[in-house]
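Enquirer: The following block contains the structure, expressed as structure tokens.
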Amino acid sequence: QIDLSNRTYVVMGVANKRSIAWGIARALDQAGASLVFTYVGERFEKTVQDLADTLNGDHYVLPCDVTSDEDLEKAFNTIGEKSGTIHGIAHCVAFANKDELEGEYLNTTRDGFLLAQNISAYSLTAAAKAARPFLADDASIVTLTYLGGERYVKNYNVMGVAKASLDASVKYLAHDLGKDGVRVNAISAGPIRTLSAKGIGGFNEVLKEMEEHAPLKRTVSQEEVGSTALFLMSGLASGITGEMLHVDGGYHTIG
Ligand code: 0WD
Numbered sequence: 002q003i004d005l006s007n008r009t010y011v012v013m014g015v016a017n018k019r020s021i022a023w024g025i026a027r028a029l030d031q032a033g034a035s036l037v038f039t040y041v042g043e044r045f046e047k048t049v050q051d052l053a054d055t056l057n058g059d060h061y062v063l064p065c066d067v068t069s070d071e072d073l074e075k076a077f078n079t080i081g082e083k084s085g086t087i088h089g090i091a092h093c094v095a096f097a098n099k100d101e102l103e104g105e106y107l108n109t110t111r112d113g114f115l116l117a118q119n120i121s122a123y124s125l126t127a128a129a130k131a132a133r134p135f136l137a138d139d140a141s142i143v144t145l146t147y148l149g150g151e152r153y154v155k156n157y158n159v160m161g162v163a164k165a166s167l168d169a170s171v172k173y174l175a176h177d178l179g180k181d182g183v184r185v186n187a188i189s190a191g192p193i194r195t196l197s198a199k200g201i202g203g204f205n206e207v208l209k210e211m212e213e214h215a216p217l218k219r220t221v222s223q224e225e226v227g228s229t230a231l232f233l234m235s236g237l238a239s240g241i242t243g244e245m246l247h248v249d250g251g252y253h254t255i256g
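Numbering (full-length UniProt numbering), first residue to last: 2 to 256.
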């Protein structure tokens, strides 16, 4: 049994109850953690607050647009003031223009490329930077990535390139923060039906392909990603950093 009581974790990227971030939040909550949720856009405030209020443990909710250094600094300074120390961050944020998540990657615009990199990759570095003064000496940062950053996956396009950048960032951040005792890892999740996933062309076929060909012959759930994040956030993973852990029923081993 993992016990995270008296420890504070920041969960970035809950949009609704289907969000992977929510699966992570529930796993951390069940382990007794105190949680801080960051959301972007007023329309998500109530959803996130209402969801957070269903949890057992302490929690509060803050706005934070990861494209703004000012927002990030404000949010993490507030967390530092209210909670003191941060024991972990679940970074579950990504965005690309929907019309660039189908057809040829070659058609990606400069603005679309930079937008995807900004929200989906640089935001991890920016969040780590803003959080650094408050990170515990055994803190654990976990981000979410996807196979499309390691190899070609149809339609994933500009987001695949952003995930490749995110994956490299994990390794560099693991070096920078390792001397503070802080670990940085990525979970490469299999396809899960969420708000963001809806934007990806042919997503139903990706799910079907996984059910047919993954070693486990099924898709994975938010809960399975949540329990892996809980492991990475816990002392059980104290020797693991700069790693990418696939929670994809083994799909990455084929093809
Ligand atoms: O199959 C999937 N769903 C997989 C998702 C497979 C493998 C990885 N992932 C990754 C995603 O790429 C992302 O990094 O998991 C992470 C979480 O994605 P999700 O749970 O699939 O999607 P969703 O519930 O939509 O949450 C992503 C959230 C945003 O939601 P919307 O739908 O509004 O884009 O990222 C947040 C927002 O809450 N977000 C931002 N947060 C702060 N600042 C920003 C921003 N500028 N933009 C988006």
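Heads up, the beta-carbon is just placed ideally off N, CA and C, and yes, glycines get one too.
When we look at the beta-carbon of Q223 and count the other beta-carbons within 10 Å, is it buried (16 or more) or exposed?
Expert: Translated into the one-based positions of the sequence shown, residue 223 becomes position 222. Label assigned to Q223: buried.
Enquirer: Does R133 come out as helix, strand or coil in the three-state DSSP assignment?
Expert: Position 132 of the sequence shown, counted from the first residue, corresponds to residue 133. Helix at R133.
Enquirer: For M13, is the beta carbon positioned less than 7 Å from some heavy atom of ligand 1?
Expert: As a working mapping, residue 13 is identified with position 12 in the sequence shown. Yes.
Enquirer: Roughly how many angstroms lie between the CA atoms of A129 and T9, to the nearest whole one?
Expert: Here residue 129 refers to the residue found at position 128 when the sequence shown is read from its first residue. Here residue 9 refers to the residue found at position 8 when the sequence shown is read from its first residue. Straight-line Cα distance between these residues: approximately 15 Å.
Enquirer: Check V62 in the structure and name its three-state DSSP category.
Expert: Indexing the sequence shown from 1 puts residue 62 at position 61. Strand at V62.
Enquirer: Taking 7 Å as the cut-off, is the beta-carbon of N186 closer than that to any non-hydrogen atom of ligand 1?
Expert: As a first step, residue 186 must be located in the sequence shown, where it is residue number 185. Not so, every heavy atom of ligand 1 lies at least 7 Å from the Cβ.
Enquirer: Is any heavy atom in ligand 3 found nearer than 7 Å to the beta carbon of A190?
Expert: As for ligand 3, it is missing from this structure, which binds only ligand 1.
Enquirer: Do you know how far the Cα of L167 is from the Cα of Q31?
Expert: Your numbering for residue 31 matches position 30 in the sequence shown. Your numbering for residue 167 matches position 166 in the sequence shown. Between Q31 and L167, the C-alpha separation is close to 28 Å.
Enquirer: Does the pairing of the stretch 224-243 with the stretch 128-148 give three or more beta-carbon distances under 8 Å?
Expert: Judged by Cβ distances under 8 Å, the stretch 224-243 makes contact with the stretch 128-148, as three or more pairs qualify.
Enquirer: Does at least one heavy atom of ligand 1 sit under 7 Å from the Cβ of T254?
Expert: Counted from its first residue, the sequence shown places residue 254 at position 253. The answer is no for T254.
Enquirer: With the cut-off set at 8 Å, would you say G191 and T229 are in Cβ contact?
Expert: Taking the first residue of the sequence shown as position 1, residue 191 is located at position 190. Taking the first residue of the sequence shown as position 1, residue 229 is located at position 228. Going by C-beta atoms, G191 is not nearer than 8 Å to T229.
Enquirer: Which of helix, strand or coil does DSSP assign to G250?
Expert: Sequence index remark: in the sequence shown, residue 250 carries index 249 (1-based). Note: G250 maps to coil in three-state DSSP.
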